[in-house]
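Following: one structure in structure tokens, then a few remarks.
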Amino acid sequence: MTATIGKNRISVSIARASDAAVGVTKALAGVSGWATDLKRHSHILIKPNLCGGVAGEPGSHTSSAVLAAVLEIATSFSLPIYIGEADCSFNDAEQMFERLAIYQLAKKYGGRVINLSTGPVRDVAVSHPLNIKTLRVAEVLVSAFIISVPVLKTHPWSGVTITMKNMYGATYLREKSLYHNGLEENIVDINKVICPNLSVVDATVAVVHGGFKYGLWVGCPPSRLDRIVAGINPVAVDAVGATMLGRKPADIGHIRCAAQQGMGPCSLEEINLLGDDVVL
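Residue numbering for the sequence shown follows our numbering, starting at 47 and increasing by one per position.
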């Protein structure tokens, strides 16, 4: 769960496909090392972005098609699988599980659905904290192989919400707005504790130009991109995703801050782009 950066350039894979399953398979084929790492873990925790969206509003939450494609691949490892989401100020996780048929999806693939704002918890000390010294998280996250499956979105406060912000959404505390003071540093601190081992970004439909609906950020209109982005370093994945949204990664506070902390690159010149869109 600790974020690290190696000496070689970090790779991020981009796949273009109108079929989500094809896109996920192609994108993951370009990412090396994750399957070996996964086998060292006791269980898999898949974290989609559900509560950050409006149910049924395309691009505002992770699509069922992309989530199903990730589940299909995860089942091949014969480990316990959890689909986890936490409550937030505007949405209750259980209600979103119901509205988006997540319970049925989990049953189909032999997984278990879990609310990350309930159940056993662990208070984890943050390494070299910027703001948050101790973070409370669900126990299931601590030893899991975490697969972050966010949707690609701009965001009114953090600039973008991709995989690092998706981990912010995994914290135990329901009132996530309490972390808004010093938001960019807090996102970085959270990713020091719950850093995804693998990120699979749903960019099939994205929020490029957004607006508020029921207090949540949605596409105005949603943008069909038919892309999947995958990688093992969340900072690099976010840098690529931000670029796809027309933003400079170094202008996004939490991406820049994470890079300054040595957690990954925020410049595309430091990233090895693989797949269909090697020039962004």
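Even glycine gets a Cβ: it sits at the ideal position worked out from N, Cα and C.
Whole-angstrom distance between Leu-113 and Ser-245, CA atom to CA atom:
Along the sequence shown, read from residue 1 onward, the residue named residue 245 stands at position 199. Along the sequence shown, read from residue 1 onward, the residue named residue 113 stands at position 67. Near 12 Å, if we compare the C-alpha coordinates of Leu-113 and Ser-245.
Can you find the residues in the same chain that come closer than 8 Å, C-beta to C-beta, to His-269, ignoring five residues on each side of it along the sequence?
By one-based count along the sequence shown, residue 269 stands at place 223. Sequence inspection shows Ser at residue 269; the His mentioned does not correspond to that position. The residues are Gly-105, Val-251, Ala-252, Val-253, Val-254 and His-255.
Counting pairs of Cβ atoms below 8 Å between the region 120 to 137 and the region 156 to 170, do you hit three or more?
yes
State buried or exposed for His-174, treating a residue as buried only when at least 16 other CB atoms are found within 10 Å of its CB.
The sequence position of residue 174 within the sequence shown is 128, counting from 1. Burial call: exposed.
Rounded to the nearest angstrom, how far is the Cβ of Ser-57 from that of Val-77, given a contact under 8 Å?
Position 11 of the sequence shown, counted from the first residue, corresponds to residue 57. Position 31 of the sequence shown, counted from the first residue, corresponds to residue 77. Between Val-77 and Ser-57 the Cβ distance is about 7 Å, and since that is below 8 Å, they are a contact.
First through last residue of the alpha helix (DSSP H) which encompasses Pro-280
Against the sequence shown, residue 280 aligns to sequence position 234. Taken as a continuous stretch (DSSP letters only), the alpha helix (DSSP H) holding Pro-280 covers 280 to 290.
Cβ-Cβ distance between Ala-304 and Val-275 below 7 Å
As a position in the sequence shown, residue 304 is number 258, starting the count at 1. As a position in the sequence shown, residue 275 is number 229, starting the count at 1. No, these two residues do not count as a Cβ contact at 7 Å.
Here's the rule: buried if 16 or more other CB atoms are within 10 angstroms of the residue's CB, otherwise exposed. What is Ala-49?
Counted from its first residue, the sequence shown places residue 49 at position 3. Since pLDDT at Ala-49 reaches only 43, below the 50 mark, its modelled position is unreliable, and the value read off the structure follows with that caveat. Counting Cβ neighbours within 10 Å, Ala-49 comes out buried, since at least 16 surround it.
Within the continuous beta strand (DSSP E) that includes Glu-131, where are the two ends?
Within the sequence shown, numbered from 1, the residue matching residue 131 stands at position 85. From DSSP, the beta strand (DSSP E) with Glu-131 extends over 127 to 131.
Suppose you measure from the CA of Ala-296 to the CA of Ala-285; what does that come to, to the nearest Å?
Position 250 of the sequence shown, counted from the start, is the residue given in the question as residue 296. Position 239 of the sequence shown, counted from the start, is the residue given in the question as residue 285. C-alpha separation (whole angstroms): 8 Å.
Ignoring anything shorter than 3 residues or poking outside the region 72 to 153, list the beta strand (DSSP E) runs there in chain order.
90 to 94 and 127 to 131
By a C-beta neighbour count over all protein chains shown, 10 Å radius and 16 as the cutoff for buried, is Asn-279 buried or exposed?
In the sequence shown, residue 279 corresponds to position 233, counting from 1. By the 10 Å Cβ count, Asn-279 comes out buried.
Using a Cβ-Cβ cut-off of 6 Å (strictly less than) and excluding sequence neighbours within five positions of Ala-111, which residues of its own chain qualify?
Against the sequence shown, residue 111 aligns to sequence position 65. Cβ within range, chain order: Ala-66.
Hey, could you find the ends of the alpha helix (DSSP H) Val-184 is sitting in?
Locating residue 184 in the sequence shown gives position 138, where the first residue counts as 1. According to the sequence as given, residue 184 is Ala; it is not Val. Element bounds for Ala-184: not the alpha helix (DSSP H) but the beta strand (DSSP E), 180 to 184.
Start and end residues, alpha helix (DSSP H) containing Leu-299:
What you label residue 299 is simply residue 253 of the sequence shown in a count that begins at 1. Here residue 299 is Gly; the residue named in the question, Leu, does not match the sequence. Note, Gly-299: alpha helix (DSSP H), 299 to 306.
With the cut-off set at 7 Å, would you say Val-172 and Leu-181 are in Cβ contact?
Residue numbering aside, residue 172 sits at position 126 when the sequence shown is read from its first letter. Residue numbering aside, residue 181 sits at position 135 when the sequence shown is read from its first letter. Going by C-beta atoms, Val-172 is nearer than 7 Å to Leu-181.
Could you check what DSSP says for Leu-187 in three-state terms: helix, strand or coil?
Locating residue 187 in the sequence shown gives position 141, counting from the first residue. Three-state DSSP puts Leu-187 in a helix.
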